[in-house]
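Its first residue numbered 20, the sequence shown is counted upward by one per residue in the UniProt record's numbering.
Ideal Cβ positions, reconstructed from N, Cα and C, are used throughout, including at glycine.
As the structure is a computational prediction, the values presented were derived from the model and not from experiment.
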Amino acid sequence: QKFMAGLSKTSSTFVGAVNDLFKGRSKIDEDLYEELEEILIGADVGVKTTMELVERLRAEVKERKIKDPAELQPLLSEMIGEMLAGNEERNKLNINEDGLTVILFVGVNGVGKTTTIGKLAHRFKSEGKKVVLAAGDTFRAGAIEQLETWGKRVGVDVIKHQAGADPAAVIYDGIQAAKSRKADILLCDTAGRLQNKVNLMEELKKIHRVAQREVPGAPHEVLIVLDATTGQNALVQAQQFGEAVNVSGIVLTKLDGTAKGGIVIAISHELGLPVKLVGLGEKADDLQEFDSAQFLHALFK
Ligand code: GDP
20 QKFMAGLSKT
30 SSTFVGAVND
40 LFKGRSKIDE
50 DLYEELEEIL
60 IGADVGVKTT
70 MELVERLRAE
80 VKERKIKDPA
90 ELQPLLSEMI
100 GEMLAGNEER
110 NKLNINEDGL
120 TVILFVGVNG
130 VGKTTTIGKL
140 AHRFKSEGKK
150 VVLAAGDTFR
160 AGAIEQLETW
170 GKRVGVDVIK
180 HQAGADPAAV
190 IYDGIQAAKS
200 RKADILLCDT
210 AGRLQNKVNL
220 MEELKKIHRV
230 AQREVPGAPH
240 EVLIVLDATT
250 GQNALVQAQQ
260 FGEAVNVSGI
270 VLTKLDGTAK
280 GGIVIAISHE
290 LGLPVKLVGL
300 GEKADDLQEF
310 DSAQFLHALF
320 K
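This is the structure:
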């Protein structure tokens, strides 16, 4: 229910346009394909993925000798479904059942990293797990306080150093604290400044090494947080971070704030990474698993 509500902006623009196109036309011609391209690109499906979809649609139309535009809608839905299919099998978070699970969050400032950590802490806590947060963004003014605010709100401990401290040392302390408190989950915030990219990437690699050294199998997830409202920029960010750390999945935030939910298709298709969670609002329980069946329903109902 919440998932569908969060997609209402996307749904209201996309559904209308697609219905007009497939149900309001008498024949399948160049015009129709061009308009479809515009709709898809306008919904942030991305040029590359759009072209691929339209090419495949053309091929199917030719092969099956389809004449009625209304038949294109289920076909397109099926093709998008195939592009998203990888998600379903891979979108469960990798949880270490025999000890501490360490999850690193990476992404540029403002995408919703801190908020996502707060939401996820809330979820794990309500499942009865013991959660600790590590304030690994020691660079951005206010980042530590913001994480503490979330810690208080959901009732979990936050391990921090002073502003400007070595983030890898914060994560090290976070791990020791989580171990001695017998915590199940450690959620690690990291910096997202892009002014000094080389430095940031070295910092992330160091954090990664510390986690690897201190806990077998860690980090169990490296989640890149991407803001759905930034469109194709999100793809570029994912590629940049992917060069420094081994990203295991995507959290796509602010899906409630965009009419261009097609970005999900571009992201999962072009990056080959599963969308593990989506943010659908600012409150503690506005975080959900990505559900591709519901997503398709929102696009083609
Ligand atoms: P950070 O710099 O990456 O840690 O970003 P923040 O967590 O501070 O989030 C930036 C802003 O985005 C805040 O105002 C959040 O409330 C807002 N935000 C985060 N996630 C979502 C979401 O899923 N939906 C909406 N509507 N707002 C969000």
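Can the beta-carbon of residue i be found less than 8 angstroms from the beta-carbon of residue j?
i: N113; j: E240; result: yes
i: V244; j: K132; result: yes
i: V151; j: V121; result: no
i: D208; j: F143; result: no
i: I190; j: A153; result: yes
i: M23; j: A303; result: no
i: L296; j: Q313; result: no
i: V234; j: L119; result: yes
i: G250; j: D275; result: no
i: I282; j: D63; result: yes
i: A104; j: S267; result: no
i: A230; j: P238; result: yes
i: T277; j: T135; result: no
i: L40; j: L26; result: no
i: R83; j: G137; result: no
i: F33; j: G126; result: no
i: I163; j: A140; result: no
i: G236; j: N128; result: no
i: L51; j: P88; result: yes
i: A263; j: M220; result: yes
i: K149; j: A188; result: no
Is residue i buried or exposed, if buried means 16 or more other CB atoms sit within 10 Å of its CB?
i: R215; result: First, the amino acid is wrong: residue 215 is Asn here, not Arg. It counts as exposed.
i: N106; result: buried
i: A210; result: buried
i: Q165; result: buried
i: L206; result: buried
i: P186; result: buried
i: E222; result: buried
i: V217; result: exposed
i: R30; result: The sequence given here has Ser at residue 30, not Arg. Buried.
i: P93; result: exposed
i: A197; result: buried
i: D48; result: exposed
i: G298; result: buried
i: K179; result: buried
From the DSSP secondary-structure annotation, give me the bridge partner or partners of residue i.
i: I178; result: A153
i: G25; result: G25 pairs with nothing; no bridge assigned.
i: V121; result: L205
i: L296; result: V270 and E308
i: L318; result: Per DSSP, none; premise fails for L318.
i: D246; result: T272
i: V241; result: L123
Between the stretch 155-174 and the stretch 271-290, can you find at least three pairs of beta-carbon atoms closer than 8 angstroms? no
Check whether the stretch 72-85 touches the stretch 255-267, taking contact to mean three or more Cβ pairs, one atom from each stretch, closer than 8 angstroms. no
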